[in-house]
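Asker: In the working numbering, the protein residues as written are 930 to 1233.
Heads up, the beta-carbon is just placed ideally off N, CA and C, and yes, glycines get one too.
Source: prediction; values computed, not measured.
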Amino acid sequence: MRIVYEHLEPEFPVNWRYTRFQEPRLDAYWHFHHDYELTYILNGNGTRLAGSSVEEYRPGDLSLFGPDLPHTYVSTPESEPIEAIVVHFTRDFLGPEFFDSPVFGNVGRMLDDSLRGIHFPDVVPPLAGLDRLAAPERTVELIRILVMLSRAPYILLATGRSPSVLHHGTALRIQAMMKVIHSGYTARLSLDDIAAAAHMNASAASRLFSRSTGFTVSHYVNLVRVNRACQLLRDTDRSVSVIAADSGFGNLSNFNRRFRELKNMSPREYRANFRVELEAVGGRDLRGVRVDLRELRSRRGSRV
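Written out as structure tokens, the structure is:
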């Protein structure tokens, strides 16, 4: 991915950064930095991109991105305002080789894995109160959280080669195309429409998008549409055919085919599995806290 470098300054005196923010929505902003980033979504829905990974995010989403891994979050048009907690730190913020010592072996391995991006499907981290602690206690609590996460099951996100870091102008063109896709995917969306946002012809825009992201434009549009369908399957009682139309698919058979390709199950199976899990915990709302068990099992083999 051709992306923008973001410089981050640590907060004195703790030498790392804690940010809690609210925004009406998040637009595509492909960027990278030399810090680790731990992001916890408190509210909002959309698409999370990390290297070659494109997945849905929802409340409770917790991810760790390693240095120089390109990433962004993009809100769905109908999403509630986004609220998130973000922690940035370097590997040596507590001193050289701190996390390379044997006592922190699990943390060190987790930080190594985060170069591909990590998603924690079953963890609710105690991040909300960090900013209310004094500097020493705040830092000790962050260490405790990192140790806890290193012992929890997690899923690696990106596969293969990371996107390349190139100039700002190319990043702006990719972001412009993504913005059109995320704002217009529920309607008929042509390659010409997407290319026009980047002030390019269709063939040149298609080549640039594929070379920069690792996805064809059509595959990326399908990913965004299926992610939206997953949200509607969980959160509404609309029929599958209505959800297909609301997610931008022109016909039901194409929707079912694309959904199965990306989720390894049918839309009806996805909804049924979520409801079984919901009933298993007495009706507690699981949105954003757990993932579909079948999807988790199918992907956990990618962890190293």
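Relative to the C-alpha of residue 1116, which candidate in 1153, 1098, 1078 has its C-alpha closest?
Answerer: Residue 1153 is the option with its Cα nearest to residue 1116.
Asker: Give the DSSP-derived three-state secondary structure of residue 1004 in the structure shown.
Answerer: In the structure shown, residue 1004 sits in a strand (DSSP, three-state: E or B).
Asker: Ignoring anything shorter than 4 residues, give me the alpha helix (DSSP H) runs that lie fully in the segment 1076-1156, in order along the chain.
Answerer: Correct list: 1097-1113, 1120-1126, 1131-1142.
Asker: So residue 944 packs on residue 1022, CB below 8 Å; how close in whole Å?
Answerer: The pair is a contact, with the Cβ atoms about 5 Å apart (cut-off 8 Å).
Asker: Along the chain, where does the beta strand (DSSP E) containing residue 972 start, and where does it finish?
Answerer: It spans 965-972 - the beta strand (DSSP E) in which residue 972 sits, taken as one unbroken run.
Asker: Could you please give the first and the last residue of the uninterrupted beta strand (DSSP E) stretch that includes residue 984?
Answerer: Start and end: 982-986.
Asker: In terms of alpha-carbon separation, which member of 1181, 1045, 1009 lies closest to residue 1160?
Answerer: It is 1009 whose Cα lies nearest to the Cα of residue 1160.
Asker: Between residue 1149 and residue 942, what straight-line distance do the alpha-carbon atoms span, to the nearest angstrom?
Answerer: Taking the straight line joining both Cα atoms gives about 42 Å.
Asker: Quick one: is residue 1212 buried, meaning 16 or more other Cβ sit within 10 Å of its Cβ, or exposed?
Answerer: Note on residue 1212: pLDDT 46, under 50, position unreliable in the model; the coordinate value appears next. Residue 1212 is exposed by the Cβ-count criterion.
Asker: Mind checking whether residue 955 and residue 1002 have CB atoms under 7 Å apart?
Answerer: Yes, these two residues count as a Cβ contact at 7 Å.
Asker: In angstroms with no decimal places, state the Cα-to-Cα distance between residue 1196 and residue 1074.
Answerer: Each residue's alpha carbon lies about 35 Å from the other.
Asker: What does a CB cutoff of less than 7 Å around residue 952 pick up in its chain, not counting 5 residues either side in sequence?
Answerer: Taken in chain order, the residues that qualify are 1010, 1011.
Asker: Which residues in the same chain have their Cβ closer than 8 Å to the Cβ of residue 1072, if we skip the five residues on either side of it in sequence?
Answerer: So the qualifying residues of the chain are 1023.
Asker: Can you look up residue 1027 in the DSSP assignment and give me helix, strand or coil?
Answerer: Three-state result, residue 1027: helix.
Asker: Work out the CA separation of residue 996 and residue 1056 for me, nearest whole Å.
Answerer: Taking the straight line from one Cα to the other gives about 21 Å.
Asker: Relative to the alpha-carbon of residue 1105, which residue among 1060, 977, 1127 has its alpha-carbon at the smallest distance?
Answerer: It is 1127 whose Cα lies nearest to the Cα of residue 1105.
Asker: Smallest Cα separation from residue 1049: which of 1133, 1079, 1065?
Answerer: It is 1079 whose Cα lies nearest to the Cα of residue 1049.
Asker: So, are the CB atoms of residue 969 and residue 1031 less than 7 Å apart?
Answerer: For residue 969 and residue 1031, no; Cβs fall outside 7 Å.
Asker: Considering only residues of the same chain and omitting the five flanking positions on each side of residue 982, which have a CB-CB separation below 8 Å?
Answerer: Only 1046, 1086, 1087, 1088 meet the Cβ criterion.
Asker: What does a CB cutoff of less than 6 Å around residue 1156 pick up in its chain, not counting 5 residues either side in sequence?
Answerer: For residue 1156, where only same-chain residues beyond five positions count, the Cβ hits under 6 Å are 976, 985.
Asker: With DSSP as the reference, label residue 1038 as helix, strand or coil.
Answerer: Residue 1038 falls in the helix class under three-state DSSP.
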